[in-house]
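Each remark here refers to the structure printed beneath this line.
Chains as they are written, first to last, in our numbering: chain Z, 165 to 1126; chain E, 28 to 467.
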């Protein structure tokens, strides 16, 4: 018999039939022996351990019981979230769950993990198991959290602009089905963005079977150079997959492979890994760029060739000619630069690689393929396009003009904005149904608008750049009723099911598995975020003999314009992205006509001068901004701005560059430019980009690396700190940073950093805890992420009169918001200027993060207090608690700061400096390590790894113009 | 404005009459109304800060301090210098003290009140200003005594206290005179209460003189300390242009210039408008003008020192100084030099020293110059610091101008009430001086 039973039996016997007041006595008396206390302790050790309960504890317990009691009243939600979280399926209350899912970029999936706190999605991370992410993410993916809670998201179906009930949508679809059935689908057209979803592609195929007259068209965000180029080169549609880790010499043509596109995270990761290995070995891979307007890849390149857009193809032809590419129709006069590039590629041979960007023409793509084939480039393989091509937009528009389109379904695209001329053609179609997350330019011009599910709320599937399939699952319960494209099409096919069931049914058929085996594989796919072994196998492709259609006819006269991607789709209504400074112009909340310095000088233009641009009758007015590295006589205009129906944040921000376009061309020439004499003040976060000959971004040559670490620690009047078990520190590798803003937006999402809007940014009050500084030095462009340095001798601390900023035992410079009275002395004394002040109540302002998206583990700051980077102290605390529960130490790499986690370049390392073997200690042991403003003896815990210049010149050496 | 005739047998007459006259004429009323409007503007500006926060200011990162500190340092400079001036006169028993002491003290007092508004209202959370005091609280947090803001707190509290004391002690015998001359019972009671039972006994006079001189002696080091501590709020900071040993000297000297100039303005106005020529004599005005010239020359030396030390300084400081005197805010620096150093040199001309208009114009010019100097230090000093990426601009907004105008209104209103209700020139000193005259 256990102690407990004996004790209780004694007690029961002693109590007997006693009633009321008789029972008012000590337990010892009732149990009949003096050692009742001992017995009690043995029987109920946990209760006894509470010991003498004092008044406070009793009140606490009373309060807690009351609170716990009310919890029972919380109802469980009606519709269960059927998504599957990673790791523990049902973690203890308060701990976040992570759901693996994918979001489409140009139709192709990027695998992500969404953090769900108490039922709300609050943060996006990369999925380490997904080939397009490897754990990293970018600014656009990070900002999807805001997009999910976007207050302007469409919530009800609209008919002729009037809200209607969902059953009306189904009635409309049923009627459409009848009508289509009668006609065999004649006149039915579907317009989509590129689609890689196997399920949706199967649905299209099914529709085509049911309605043979139906046709799908694809609205490409970037024109059709990629599919047509591969058609020219190989006679079939193929998608190139690049492995930058395997290339020794890379030439990027008219693109930004390190910063844009569905594969850029992977490509950057591979490139930076190769570069890191190369630096150690003393021979980093070479990167060249050939472009008209600077891309982040170009500014990171060892050598950037600046060409007018019309000169790029001739240049690449010369290179191809020098490499003896077979079938080349015309080469051209050689030049030094072209010879140098050709020489480098020839030297690299199979280790060479040419990458052509999505905005480039089919001719350039074909040239790129031909050079790669000639080199036998090992770093590229070709696969069947994961997002297969369909009818073109131009064909659709021709048909609309001819009046043969009877029904048009626009699924998740916004052609009224993206496709010039489409808006007026909409009137020729009797019945248009638009499915979209916003009541955008298209939705407001058509008869029917149906709200589309946000990617983070939807069941679906998609393929990554290499064909790897993944299941997309909701990461939280949907905020409002909405449909996916599959859900909208299902009634037309006469099927009815939950959207999840469509996905399951498709993959069950695809895998051909029975129930148990299917469930297992399904769960594994949801857990991992990818479907194993689903990547496409390389396809053997050989260069067609007639790949070269000859030099493109160019009308190179006058000014040229190149169109860049800018903000795509609903991201225009995302304050996090609008407020993330353009990496090179540092402007926010708007776009400009980027212009080379000498061209601006010739035309007598300066920053902010408004010019009228005219392209054969198509005209618009735009402010100019002088940009280093821009090709002469060439303007660069970012698309995605000047929206008329993006929502409250995106409307009328900047100008709509599409108004100068005829179709989906990537550039155009013969532009007339007329200064208007008016001027606007551009909103930029950084007016000065000159380093003023200061040691801010350090570049070292390989020879310097032999010298060993250079950081010095000066003497201090204050006693040396004795750190506790840990000493947190950070190392930021400037050689790997390309300035893509992923860390900046990741920090914003993780730390509840509010956007403040254009007016406040113009006053110099942006709140980003981590900013990215841009510097120009000679011809090089440097990016420097600047978080709080967490100085060991922090100047901010002694000047605060109320101890609102103090040092933690682990070396963090902590900010105590509740204690802050807002003297701002700390900000004055911070030489790095990383402190941010709440001049207004930004956390509840017009541009604030929606409450549901806030990270519950980070305090929201009120008006009048100072804030700054905390080294993600909440993540440190979480790791410490986890380690404490598991009775172990905190492992190296267990704490990952938000900026570090987002970075595809792996430029940021964080960890414990007390552990000499930690990754951050090893990074700081590098001879490249240096402290920013180290001479001030602030002893920053965040230090930088210097950029590595080429031995034969500065990094990114680049002649100004040509 | 018409004044009563000056009766030799009752020397304190006109001065005391000023405070006791039932009506003061329309110019006073107009001035009072104008200043009252400005005070309403101030109340509005302060209210707006409490309701909507500091966002209406032009401050940003890196210019986290703007007009708030510019105006604070300017007012405190005026207050300090005026007190210093009064205290020196008391200590030296200078003849000028009879004439200008009282309103020098008044200028100091009202200026320090204006100054004191800024440190409280420039806080992000002004309602929590009392957290800087070491009071027992459940937080168990003591103020950070290493912070120059705490030094400044104690300095300004001490300053308000000692300045008020000096002013009040000087006022006691005169309050008794007013008590005796007052007609209404209420006025008698009020003046009597503050006269502390003064009966003019020899023992009273002896104690009074001791106390007066003691407090004055206390003021001397304190005022230099006060200006230095205000300067230390900047000098302690790592900002290259601020982080310099010369800064306290700069603040003391230029503060003195603006304080003396302000005393000169008030003296000239009192002479010109209240007909107190017999009490604030030509010699007095002349001496004040000469002091302003001297302060201007001293300021000039300070600026020269500033430029020379910058030449010898390490690169950060040198480029910061170059940015301050050649960058966006260069006009402020050179404006300060022109107004505080060059303008007073006009007073070498005797004609101007005797013209009320000239004295007022030069005095205000010097004060504006010192304000520009404070602007140049607070804003221009941050124009170039360490990381070029954060080099930006600051532009004051309406809200900040309103606060400046409002404090000017408060200052003027204080002075107007002072001339209306209290003896502007020390009665007892005047009597004393007039009795001395035959002996000279």
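Even glycine gets a Cβ: it sits at the ideal position worked out from N, Cα and C.
- Judged by their CB atoms, residue 265 of chain Z and residue 543 of chain Z are not nearer to each other than the 8 Å cut-off.
- Runs of the alpha helix (DSSP H) spanning 4 or more residues and lying entirely within the stretch 919-987 of chain Z occur at 922-926 and 960-963, in chain order.
- The beta carbons of residue 693 of chain Z and residue 293 of chain Z sit about 6 Å from each other, so the pair counts as a contact at 8 Å.
- Distance from residue 397 of chain Z to residue 613 of chain Z at the Cβ level is roughly 41 Å; contact not present, criterion being Cβ atoms closer than 8 Å.
- Residue 156 of chain E belongs to the set of residues whose beta carbon lies under 8 Å from a beta carbon in chain Z.
- For residue 222 of chain Z, the secondary structure class from DSSP, reduced to helix, strand or coil, is helix.
- Rounded to the nearest whole angstrom, the CA to CA distance from residue 107 of chain E to residue 282 of chain E is 7 Å.
- Restricting attention to Z:464, Z:545, Z:231 and Z:684, the CA atom closest to the CA of residue 704 of chain Z is found in Z:545.
- In the structure shown, residue 316 of chain Z falls within a coil segment according to DSSP collapsed to helix, strand and coil.
- Remark: C-beta atoms of residue 407 of chain Z and residue 434 of chain Z approach each other more closely than 8 Å.
- For residue 571 of chain Z, the enclosing beta strand (DSSP E) stretches over residues 571-575.
- The criterion of a C-beta distance shorter than 8 Å is satisfied by residue 429 of chain Z and residue 302 of chain Z.
- For residue 472 of chain Z, the CB contacts under 8 Å within the same chain, skipping 5 residues up- and downstream, are 456, 720, 724, 795, 796, 797 and 798 in chain order.
- Where residue 839 of chain Z is concerned, the enclosing beta strand (DSSP E) starts and stops at 831-843.
- For the pair residue 1007 of chain Z and residue 1032 of chain Z, the Cα-to-Cα distance works out to about 14 Å.
- For the pair residue 828 of chain Z and residue 806 of chain Z, the CB atoms are not nearer than the 8 Å cut-off.
- A buried status is given to residue 203 of chain E, since no fewer than 16 other beta-carbon atoms sit within 10 Å of its beta-carbon.
- Taking each of E:310, E:398, E:332 and E:411 in turn and checking the Cα distance to residue 354 of chain E, the smallest one comes out for E:411.
- Annotation for residue 452 of chain Z: no alpha helix (DSSP H) segment contains it, though the beta strand (DSSP E) segment containing it runs 450-455.
- In this structure, the alpha-carbon of residue 708 of chain Z lies about 42 Å from that of residue 688 of chain Z.
- By the neighbour-count criterion, in which a residue is buried when 16 or more other Cβ atoms sit within 10 angstroms of its Cβ, residue 790 of chain Z is buried.
- Taking a Cβ-Cβ threshold of 9 Å, the residues of chain E close to residue 860 of chain Z are 413, 414, 415 and 416, in chain order.
- In chain order, 391, 394, 395, 548, 549, 552 and 553 place their CB closer than 8 Å to the CB of residue 401 of chain Z, counting only its own chain and leaving out the 5 sequence neighbours on each side.
- CA-to-CA, the gap between residue 785 of chain Z and residue 925 of chain Z works out to about 23 Å.
- One alpha carbon belongs to residue 349 of chain E, the other to residue 444 of chain Z, and they sit about 42 Å apart.
- Not flagged as an interface residue toward chain E: residue 1078 of chain Z, since no C-beta distance is shorter than 8 Å.
- In the three-state scheme derived from DSSP, where H, G and I count as helix and E and B as strand, residue 1094 of chain Z is classed as strand.
- Beta-carbon to beta-carbon, residue 375 of chain E and residue 320 of chain E are separated by about 7 Å, close enough to satisfy the 8 Å threshold.
- Within the stretch 46-100 of chain E, the complete alpha helix (DSSP H) segments of 4 residues or longer fall at 53-79, listed in chain order.
- Taking a C-beta cut-off of 8 Å against chain Z, none of the residues of the stretch 276-287 of chain E qualify.
- Residue pairing from DSSP leaves residue 672 of chain Z without any beta-bridge partner.
- Of all residues in the stretch 63-96 of chain E, only 79, 80, 81, 82, 84, 85, 86, 87, 88, 89, 90, 91 and 92 place a beta-carbon less than 8 Å from a beta-carbon of chain Z.
- Collapsing the DSSP output to three states places residue 160 of chain E in coil.
- In this model, residue 275 of chain E and residue 269 of chain E are separated by some 10 Å (Cα to Cα).
- The residue among E:442, E:363 and E:386 with its C-alpha nearest the C-alpha of residue 373 of chain E is E:386.
- In the structure shown, the three-state DSSP call for residue 787 of chain Z is strand.
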